[in-house]
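S.K.: I am attaching a structure below and will ask some questions about it afterwards.
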Amino acid sequence: MDKRIVHVVDDEEAIRRSIGFMLKTSGFAVHSYSSGDDFLAAVKSAEVGCVLMDIRMPGMDGLEVHEEMRRRGITLPVVVLTGHGDVNLAVRAIKGGAIDFIEKPFEKAALIHAIEDAFRRIEETNKDQVDADEARTRLAVLTPRERDVLEGLVRGDPNKTIAYALGISTRTVEVHRANLMAKLGRRSLSDVLHLAFTAGIDRDK
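Our numbering numbers the first residue of the sequence shown as 66 and each following residue consecutively.
Next up, the structure:
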């Protein structure tokens, strides 16, 4: 990721400015929002990055904003800023999917560590998506019947059970199984299953 963007959501201008300066001098690009509503209004077109969000704000608080993000399917990693004594809110935020929380007043090292961790999550998610896309592309070469056999193997069914379910002979299942392994360039069943799981076949069923 060439440009690492942090979306700072805090109702206090002084906090936004100090965090913005701290992050910019550490090599991050910063987009600031004075309320959760402002952020949600812009997030659909916002660039991919990490969200650093105050937990206590007028209007929608940080927990409510994060809940709305999840409802909309927005998966940007969130680090919440909490005041002293907001441990209960911090725990709720973590349970709600936030990856970390930072207590005010915070040290620069702690803030940067949390932000770096958020970007590692983004990179891992991106890699997982690339791997899944590549696996689905590989599986696209299979015929419908080979796909049926593969789905039986994913369920853990033996050849005889797959044959019965598909109304074909066990020998035919064995042929399809050998063909699909050759097409996929896999030498073992475990390799085939790993590819299928990466493509999400187990989740499709």
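Every residue gets a Cβ at the ideal spot worked out from N, C-alpha and C, and that includes glycine. Model, not experiment: these values are computed from the prediction.
(1) So Met87 and Lys173 are supposed to be a Cβ contact under 8 Å. How far apart are they, rounded?
(2) Checking the sheet assignment: what are the DSSP bridge partners for Tyr98?
(3) What residue from Gly232, Ala247, Asp193 has the CA that sits closest to Thr263's CA?
(4) State buried or exposed for Pro142, treating a residue as buried only when at least 16 other CB atoms are found within 10 Å of its CB.
(5) What residue range is occupied by the uninterrupted beta strand (DSSP E) comprising Leu117?
(6) Quick one: what's got a C-beta closer than 6 Å to Asp75's C-beta in the same chain, skipping five residues either side?
(7) Could you give the distance in angstroms between the alpha-carbon of Ala183 and the alpha-carbon of Val145?
(8) Would you tell me roughly how many angstroms separate the C-alpha atoms of Met122 and Ile159, rounded to the nearest one?
(9) Quick check for students: name the residue ranges of the beta strand (DSSP E) that lie wholly in the stretch 152-238, counting only runs of 3 or more.
M.R.: The answer reads as follows:
(1) For a cut-off of 8 Å, the C-beta gap from Met87 to Lys173 is around 6 Å, short enough to register as a contact.
(2) DSSP, once it has assigned bridges, lists Val74 as partnering Tyr98.
(3) When each option's Cα is compared against that of Thr263, the closest is Asp193.
(4) It counts as buried.
(5) It spans 114-119 - the beta strand (DSSP E) in which Leu117 sits, taken as one unbroken run.
(6) Cβ within range, chain order: Arg81, Asp119.
(7) A straight line joining the alpha-carbon of Ala183 with that of Val145 spans about 12 Å.
(8) Roughly 18 Å separates the two Cα atoms.
(9) Under the rule that a run must span 3 or more residues, the beta strand (DSSP E) segments found entirely inside the stretch 152-238 read 165-168.
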